[in-house]
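Chains as they are written, first to last, in my numbering: chain A, 1 to 282; chain B, 283 to 533.
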């Protein structure tokens, strides 16, 4: 074997080990949660409300709450995020104003989630009189998700070859037709990835919902978007640290349900992505 | 009486930022002419072409002065969409959309509001026939366009342009990436389209210009040095710089 080959071998080995270093801890965390929590998962746990000061019963209100919050967040952040990205990439001229917007978007994604929580509390709960409600919580989570969705959509749009736009425009299509038919269809997989990443994070956040929607103990399903709800991450925090004498198994089971929910979202996005990739004819 | 030129430029100056790419170009092109444009790299040929359907304006730093007339009407008064429908362009490298062969040709009619399926099919078939591609692709219209060979892709681009019924077709070095046989087919298609369209062919290949065009223009450093009947320009150029270029002393 000559030197170059040996070096290649070493490089591949190092890269492989580094990859394992990332994958193995994640697998261990999931395994740990499954082993400790699977025993507590039952039909009742998934479909009943908590009883007995959360020591017994199920977590249905929290599951429903989190699902509703994710849907609400998506309804606000997906259209707004994608449309902003389209504006920034396809329409905005490259001036100081646009550059400042782009810089702000990047910086916004680095803001701690508790700050979003306080912001949402002041704006939606107090100023706009939405109260602690699903609506206020969804809006807060949506604002938190926006930067990631915008950034991912922007990159997805920018990765569509310029020639597609040129072809379309040269045939006399309008800018919007060009975006609609020649850019957006090929950017959708990237947009989906960003959205799901962002929503997964939203599903697991505690701080932004702390003051805006989450209920400590509300063993019934919400009646309207102005209702409070329990949510999985906050419920997990509560039963792990705030209420004494709750079996640890319940915490792990709750965590397992949250992870399963996020995993399900990712699965849906993978399927959608595959569907849209097939549309592109190579 | 001499008929009104289809395209006429009056004192056309083009700039990218502060760099002047075209200097006071005056050209008049009559109907159903094939005008060849030759010249070395950076002589402004492509800029001239793309000024005609305002594709240059996609670049932020671009600006121009002077007038461009289409059928006697200043193109500044025509909307981008309509102008580009009337003046189609074929790019240097075959550029197809990642959709089917049919989808590529049907795209133009679709954005211009033709929705009836039978009509679109008829337009697509007609366009492919006029671009001399129909026989080769009629059995696989739904296959990805990128699977076609380079020459077929370029003729597909011609068909795509024809499908929106332009008056003028611009070719920006359409055969630069093609083999001689594909080149011959593209040139064939151009000659057969001659009666119905005004065509402008920018090419680095002086032989191609002499094969296809009736009149030829020589651009150098943004200036239109000489324009005249192709045969005269190649055998008996008036300007020494033209002579130097076509005899291969530079460029």
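Note that CB positions come from ideal geometry on N, CA and C, so glycine has one too.
Note that this is a predicted model, so its numbers are computed, not measured.
Count the other CB atoms, across all protein chains shown, that sit within 10 Å of the CB of residue i; report buried if there are 16 or more and exposed otherwise.
i                      : result
residue 530 of chain B : exposed
residue 61 of chain A  : buried
residue 283 of chain B : The predicted position of residue 283 of chain B is uncertain, since its pLDDT is 41 and thus under 50; a value taken from the coordinates is nonetheless stated next. That one is exposed.
residue 504 of chain B : buried
residue 398 of chain B : exposed
residue 318 of chain B : buried
residue 395 of chain B : exposed
residue 243 of chain A : exposed
residue 506 of chain B : buried
residue 343 of chain B : exposed
residue 162 of chain A : exposed
residue 3 of chain A   : exposed
residue 6 of chain A   : exposed
residue 452 of chain B : buried
residue 477 of chain B : exposed
residue 66 of chain A  : buried
residue 105 of chain A : buried
residue 8 of chain A   : exposed
Which stretch, first to last residue, makes up the alpha helix (DSSP H) that contains residue i?
i                      : result
residue 288 of chain B : Run containing residue 288 of chain B: none; DSSP gives neither H nor E here.
residue 513 of chain B : 512 to 517
residue 337 of chain B : That residue, residue 337 of chain B, is in no alpha helix (DSSP H); it is neither H nor E in DSSP.
residue 318 of chain B : It is not in any alpha helix (DSSP H) - residue 318 of chain B instead sits in the beta strand (DSSP E) that spans 316 to 320.
residue 529 of chain B : No alpha helix (DSSP H) contains residue 529 of chain B, which DSSP labels as neither H nor E.
residue 61 of chain A  : 60 to 86
residue 263 of chain A : 248 to 279
residue 124 of chain A : Element bounds for residue 124 of chain A: n/a, residue is neither H nor E.
residue 167 of chain A : 162 to 170
residue 45 of chain A  : 43 to 47
residue 439 of chain B : 432 to 444
With residue i and residue j assumed to form a contact (beta carbons below 8 Å), what rounded beta-carbon distance in angstroms separates them?
i                      : j                      : result
residue 368 of chain B : residue 448 of chain B : 6 Å
residue 151 of chain A : residue 120 of chain A : Not really, about 21 Å apart at Cβ, beyond 8 Å.
residue 138 of chain A : residue 69 of chain A  : 6 Å
residue 213 of chain A : residue 143 of chain A : 13 Å between Cβ atoms; not a contact.
residue 265 of chain A : residue 199 of chain A : 6 Å
residue 442 of chain B : residue 390 of chain B : 6 Å
Is the beta carbon of residue i less than 8 Å from the beta carbon of residue j?
i                      : j                      : result
residue 217 of chain A : residue 54 of chain A  : yes
residue 59 of chain A  : residue 195 of chain A : no
residue 170 of chain A : residue 364 of chain B : no
residue 485 of chain B : residue 528 of chain B : no
residue 386 of chain B : residue 379 of chain B : yes
residue 307 of chain B : residue 352 of chain B : no
residue 348 of chain B : residue 421 of chain B : no
residue 155 of chain A : residue 131 of chain A : no
residue 37 of chain A  : residue 252 of chain A : yes
residue 415 of chain B : residue 438 of chain B : yes
Would you give the residue range spanned by the beta strand (DSSP E) that residue i belongs to?
i                      : result
residue 306 of chain B : 301 to 311
residue 498 of chain B : 497 to 502
residue 30 of chain A  : First-last for residue 30 of chain A: 3 to 37, but that is the alpha helix (DSSP H), not the beta strand (DSSP E).
With which residues is residue i paired in a DSSP beta bridge?
i                      : result
residue 576 of chain B : One cannot answer for residue 576 of chain B here, as it falls past the ends of chain B, which runs 283 to 533.
residue 454 of chain B : B:484
residue 356 of chain B : B:351
residue 370 of chain B : B:451
residue 382 of chain B : B:426
residue 506 of chain B : B:501
Residues from the region 326 to 350 of chain B in contact with chain E, defined by Cβ distance under 8 Å: Of the chains in the structure shown, none is chain E; the protein chains are A and B.
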